[in-house]
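Encoded as structure tokens, the structure appears first; notes follow it.
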Amino acid sequence: MKIDKIALFFCLISISILTFWYYPKWNKSGSEATLSWDSSGYYWYLPAVFIYHDLKQLTFSQDILQKYQPTPEFQQAYVHPSGNYVLKYSSGQAIMMFPGFISGHLAAKVLKYPQDGFSPPYQFGIFIWGWIMCLFGIYMLYKVLRIHFSAMSTAITLLVIVFGTNYLEYGGITNTMTHNYLFTYYACLIYVTDRFYNNPSILWSICIGAILGIMVLTRPTEILAVIIPLLYGLNFSLNDVVQRIKFIGVNIAKYLLAIALFIGIGSIQLFYWKYVSGEWLVYSYEDQGFSWLHPHMFEGFFSATGWMVYSPLVILFIPGIFALWYQKRNLAPTFTLFIILFIYVTFAWDIWWYGGSVGQRALVQMYPVLAFPIAAFVGIFKKVSVFAILGTLLMTLGIHYNFWVIHQAHKGGMLFAGFMTRPYLMAILLRDKMPDGALNLMDTRYNYQGILQNPKILLAQDSMRKECISGDIQYSQVQKVTLEQNGGWLRISANFVIKEKEWDTWKMTQLIVRYKHGEDHLGDDVLRVQRHFDGGSKNLYLDSKIRVGADTAEIFLWNADGRKELCMENLEIVYHTGD
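The sequence shown begins at 0 in numbering that gives the first Met the number 0 and counts up by one.
Now the structure itself:
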């Protein structure tokens, strides 16, 4: 068996093991279930249409939220001025989830589960269908790579994409997100496009139009995918452009058929908007939008939630683009243009971190295109050499790191997708256990380690004193201490008691230390209390480096507009000089 087929089977088997035995989301509950967060939002169309027959008012939603808790609150839709609810997400993903939904619906009837759209048979059915889409996507990526690259280049590229990037997360575990499906669509689109230009048949034109239509219906920004079939194989020389125009002229009926299918499928969303709102066009993302003139490139690439930080092996595409221009001049212009535009649009989105994302999930669907420059770069090393050995070592380290990231995002519990900070990431990097005090770095830049030097107690409250805040009482009493020396540290510690945890990070109670010089505000340090335990009582501390010029520090609690009660007792404030 050739090396490329061995790599393919290894990828398919390994990702199946990950899917079914490492972290099977179908048997999880709440916001870790198969149908949770954005996945449930895309899916909401199916129960609304086929079970509850209520696409306008969605009256079943609150019952589902209370029973299954797929998200902390109903974020899937908003009330339109017409009085009807408009679902936030486009309907393409729901259409592609239909096989998993209908199998779950039938299984629920046979197995006597509630036919409510979210009981275990539905979760399992959607999960299985996502797994099938993942395997098919890997297979199609293998097919398109083998058309253009050697068996060895294909094998290595498959291993890099599947095991060295966050595709492992969104194909193998969180497989009901759009990124898994779109990854497969892109691989299929490249394949049918290549077939079309080698054999311009009606079948391939139908495939191109249908794939483009469902992609745009899933995520409207995938309109960029039109670049692939439109410019595929062009090296943009004058003769090449003339030949393409002639080709289009000869095959104009096939192009028009593809365009008609593309528009027809894509316009399904327009009919949905017209039905529920009375308007043909509705912007369902409300206040979320794009900053076209100020894309968040650096943050998207290199922040604590950045693409390169969590999938460093994708950096191979940069030298790979140059290799692609040298090896595949007819493919390089189209793929280079697509990659640049796709990255630009992705990071122009104001919510550039894309919620609870394990390393920029919005780029995952682009990986079949990115595989081409990576394969071209790998193809440079045809013989055993120092560079080939070094590259193999770096690839192995990158895959090991990616496995650590995926594990910590789930069973390890040290990675908080979408909320990471650089100091915290550096403190836990490649560790198996949480270092003392490291979790504080999710909220503050400082984690003092070592013995407190020259400690001086500035405040020690009576052990019988307790202060509680809640939805009605958002702020505690401010404790103010005078800072007599420049520099040094404060350690603020207390015993905290909660009955019910606040899971929404932005509503967690904050212990705040605020530095002032007179009335001038010099800066804050923060500790989100509920981040550190789920309920009961726990003693916590916040290390805070005193701001230059500060003469006072104010310490207080803020409930951050949350409604859950939290009590604090045994507050102690200690000054120390540090190392």
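Ideal Cβ positions, reconstructed from N, Cα and C, are used throughout, including at glycine.
Fill in: First and last residue of the uninterrupted beta strand (DSSP E) at Q478
Taking the sequence shown and counting its residues from 1, one reaches residue 478 at position 479. Taken as a continuous stretch (DSSP letters only), the beta strand (DSSP E) holding Q478 covers Q478 to T481.
Discussion item. L260 and G208 - do their beta-carbons sit closer together than 8 Å?
Written reply: Position 209 of the sequence shown, counted from the first residue, corresponds to residue 208. Position 261 of the sequence shown, counted from the first residue, corresponds to residue 260. G208 places its beta carbon less than 8 Å from that of L260.
Worksheet entry | Every unbroken beta strand (DSSP E) inside the segment 155 to 193 [3 residues or more] | For the segment 155 to 193, not a single whole beta strand (DSSP E) run of length 3 or above is found.
Worksheet item: When the Cα of V525 is compared with those of A370, K544 and K537, which residue comes out closest?
Response: Locating residue 525 in the sequence shown gives position 526, where the first residue counts as 1. Looking at the Cα atoms, K544 is the closest of the given residues.
Discussion item. Report the start-end ranges of each beta strand (DSSP E) in the segment 55 to 119 that is 3 residues or longer and not cut off at the edges.
Written reply: Within the segment 55 to 119, the complete beta strand (DSSP E) runs of at least 3 residues fall at 76 to 78 and 84 to 86.
Item to complete: For C467, count neighbouring C-beta atoms within 10 Å of its own C-beta (all shown protein chains included) and say buried if the count is 16 or more, exposed if not.
Response: Taking the sequence shown and counting its residues from 1, the one referred to as residue 467 is at position 468. When all chains shown are included, C467 counts as exposed.
Discussion item. Suppose only complete runs of 4+ residues qualify. What are the alpha helix (DSSP H) ranges in the segment 228 to 306, listed by chain order?
Written reply: DSSP runs (the alpha helix (DSSP H)) wholly in the segment 228 to 306: 237 to 249, 251 to 265, 267 to 276 and 296 to 301.
Worksheet item: Using DSSP with H/G/I as helix, E/B as strand and the rest coil, what is T18?
Response: Position 19 of the sequence shown, counted from the first residue, corresponds to residue 18. In the three-state scheme derived from DSSP, where H, G and I count as helix and E and B as strand, T18 is classed as helix.
Item to complete: Establish whether the CB of G449 and some CB of chain D are separated by less than 8 Å.
Response: Reference to chain D is not applicable here, since this structure consists of a single protein chain.
Fill in: Alpha carbon of G355 to alpha carbon of Y41, nearest angstrom
Here residue 355 corresponds to residue number 356 of the sequence shown, with the count starting at 1. Here residue 41 corresponds to residue number 42 of the sequence shown, with the count starting at 1. Spanning the two alpha carbons is a distance of roughly 16 Å.
Worksheet item: Span of the alpha helix (DSSP H) holding W36?
Response: Taking the sequence shown and counting its residues from 1, one reaches residue 36 at position 37. It spans W36 to Y42 - the alpha helix (DSSP H) in which W36 sits, taken as one unbroken run.
Item to complete: May I have the straight-line CA-CA distance separating M195 from V225, to the nearest angstrom?
Response: Against the sequence shown, residue 195 aligns to sequence position 196. Against the sequence shown, residue 225 aligns to sequence position 226. Note that residue 195 is Phe in the sequence shown here, rather than Met. Those two C-alpha atoms are separated by around 14 Å.
Worksheet item: What are the start and end residues of the alpha helix (DSSP H) that includes G212?
Response: What you label residue 212 is simply residue 213 of the sequence shown in a count that begins at 1. Taken as a continuous stretch (DSSP letters only), the alpha helix (DSSP H) holding G212 covers I201 to T217.
Worksheet item: Rounded to a whole number of angstroms, what is the C-alpha to C-alpha distance between Q326 and Y180?
Response: Numbered from 1 along the sequence shown, position 327 holds the residue referred to as residue 326. Numbered from 1 along the sequence shown, position 181 holds the residue referred to as residue 180. Answer to the nearest angstrom: the Cα atoms are 30 Å apart.
Worksheet item: In the DSSP assignment, what residue or residues form a beta bridge with C566?
Response: Numbered from its first residue, the sequence shown carries residue 566 at position 567. C467 and V496, per the DSSP bridge assignment.
Worksheet item: Residue range of the alpha helix (DSSP H) that F334 falls in?
Response: Position 335 of the sequence shown, counting from 1, holds the residue named residue 334. From DSSP, the alpha helix (DSSP H) with F334 extends over A331 to A347.
Practice prompt. Find the nearest neighbour of Q56 within the set W324, G82 and Q74, judged by alpha-carbon distance.
Written response: For the purposes of this step, residue 56 is taken as the residue at position 57 of the sequence shown. When each option's Cα is compared against that of Q56, the closest is G82.
Worksheet item: Taking all protein chains shown into account, do 16 or more other C-beta atoms lie within 10 angstroms of the C-beta of N538, making it buried, or fewer, making it exposed?
Response: Stepping through the sequence shown from its first residue, residue 538 is reached at position 539. Exposed is the call here.
Item to complete: If I'm right that S152 touches G378 with Cβ under 8 Å, what's the distance once you round it to whole angstroms?
Response: Looking up residue 152 in the sequence shown gives position 153. Looking up residue 378 in the sequence shown gives position 379. S152 to G378, Cβ: 4 Å. Contact.
Worksheet item: Looking at the structure shown, is A426 part of a helix, part of a strand, or coil, going by DSSP?
Response: Within the sequence shown, residue 426 is the residue found at index 427, counting from 1. In this structure, A426 counts as helix in the three-state DSSP scheme.
Item to complete: Decide if N238 is buried, meaning its Cβ has at least 16 other Cβ atoms within 10 Å, or exposed.
Response: Walking along the sequence shown from the start, residue 238 turns up at place 239. When all chains shown are included, N238 counts as exposed.
Worksheet item: Mind checking G412: buried by the 16 CB within 10 Å criterion, or exposed?
Response: Here the question's residue 412 lines up with position 413 in the sequence shown. G412 should be labelled exposed.
Fill in: Cβ pair count under 8 Å reaching 3, the segment 440 to 452 against the segment 561 to 570
Counting Cβ pairs under 8 Å, fewer than three are found: no touch.
Discussion item. Can you tell me whether N446 is helix, strand or coil according to DSSP?
Written reply: Taking the first residue of the sequence shown as 1, we reach residue 446 at position 447. In this structure, N446 counts as coil in the three-state DSSP scheme.
Item to complete: Could you spell out the range, first to last residue, of the alpha helix (DSSP H) harbouring Q407?
Response: Counting from one through the sequence shown, the residue named residue 407 turns up at place 408. Annotation for Q407: the continuous alpha helix (DSSP H) segment containing it runs V385 to A408.
Worksheet item: DSSP on F49, reduced to helix/strand/coil?
Response: Within the sequence shown, the letter at position 50 stands for residue 49. Reduced to three states, the DSSP call for F49 is helix.
Worksheet entry | Residue from F415, R513, N494 and C133 whose Cα sits closest to the Cα of L19 | Position 20 of the sequence shown, counted from the first residue, corresponds to residue 19. The sequence as given places Phe at residue 19; Leu does not occur at that position. Out of F415, R513, N494 and C133, C133 has the C-alpha closest to the C-alpha of F19.
Worksheet item: Nearest-angstrom Cα distance between L315 and V363?
Response: Position 316 of the sequence shown, counted from the start, is the residue given in the question as residue 315. Position 364 of the sequence shown, counted from the start, is the residue given in the question as residue 363. Between the C-alpha atoms of L315 and V363 there is a straight-line separation of about 15 Å.
Worksheet item: Do the segment 155 to 165 and the segment 3 to 15 meet, that is, are 3 or more Cβ pairs less than 8 Å apart?
Response: Here the segment 155 to 165 makes contact with the segment 3 to 15; the two share three or more CB pairs at distances below 8 Å.
Worksheet item: Which partner residues of H575 appear in the DSSP bridge assignment?
Response: In the sequence shown, counting from the first residue as 1, residue 575 sits at position 576. Note: H575 sits in a beta bridge opposite W488.
Worksheet item: Out of W505, D560, M433 and Y254, which has the shortest C-alpha to C-alpha gap to T192?
Response: Position 193 of the sequence shown, counted from the first residue, corresponds to residue 192. Cα-wise, what sits closest to T192 is Y254.
Fill in: Span of the alpha helix (DSSP H), counted from its first residue to its last, around A374
Along the sequence shown, one-based indexing puts residue 374 at 375. DSSP places A374 inside the alpha helix (DSSP H), whose first and last residues are Y366 to V377.
Practice prompt. Give the secondary structure of R527 by DSSP, where H, G and I count as helix, E and B as strand, and everything else as coil.
Written response: Counting from one through the sequence shown, the residue named residue 527 turns up at place 528. The answer is strand: DSSP assigns R527 an E or B state.
Discussion item. Relative to the C-alpha of K108, which candidate in T504, P120, P69 and G358 has its C-alpha closest?
Written reply: As a working mapping, residue 108 is identified with position 109 in the sequence shown. When only C-alpha atoms are compared, the closest one is P120.
Discussion item. Can you look up N538 in the DSSP assignment and give me helix, strand or coil?
Written reply: The residue given as residue 538 occupies position 539 in the sequence shown. N538 sits in a strand when the DSSP states are folded into three classes.
Worksheet item: Does the pairing of the segment 400 to 416 with the segment 307 to 314 give three or more beta-carbon distances under 8 Å?
Response: Yes: the two stretches touch, three or more of their Cβ pairs being nearer than 8 Å.
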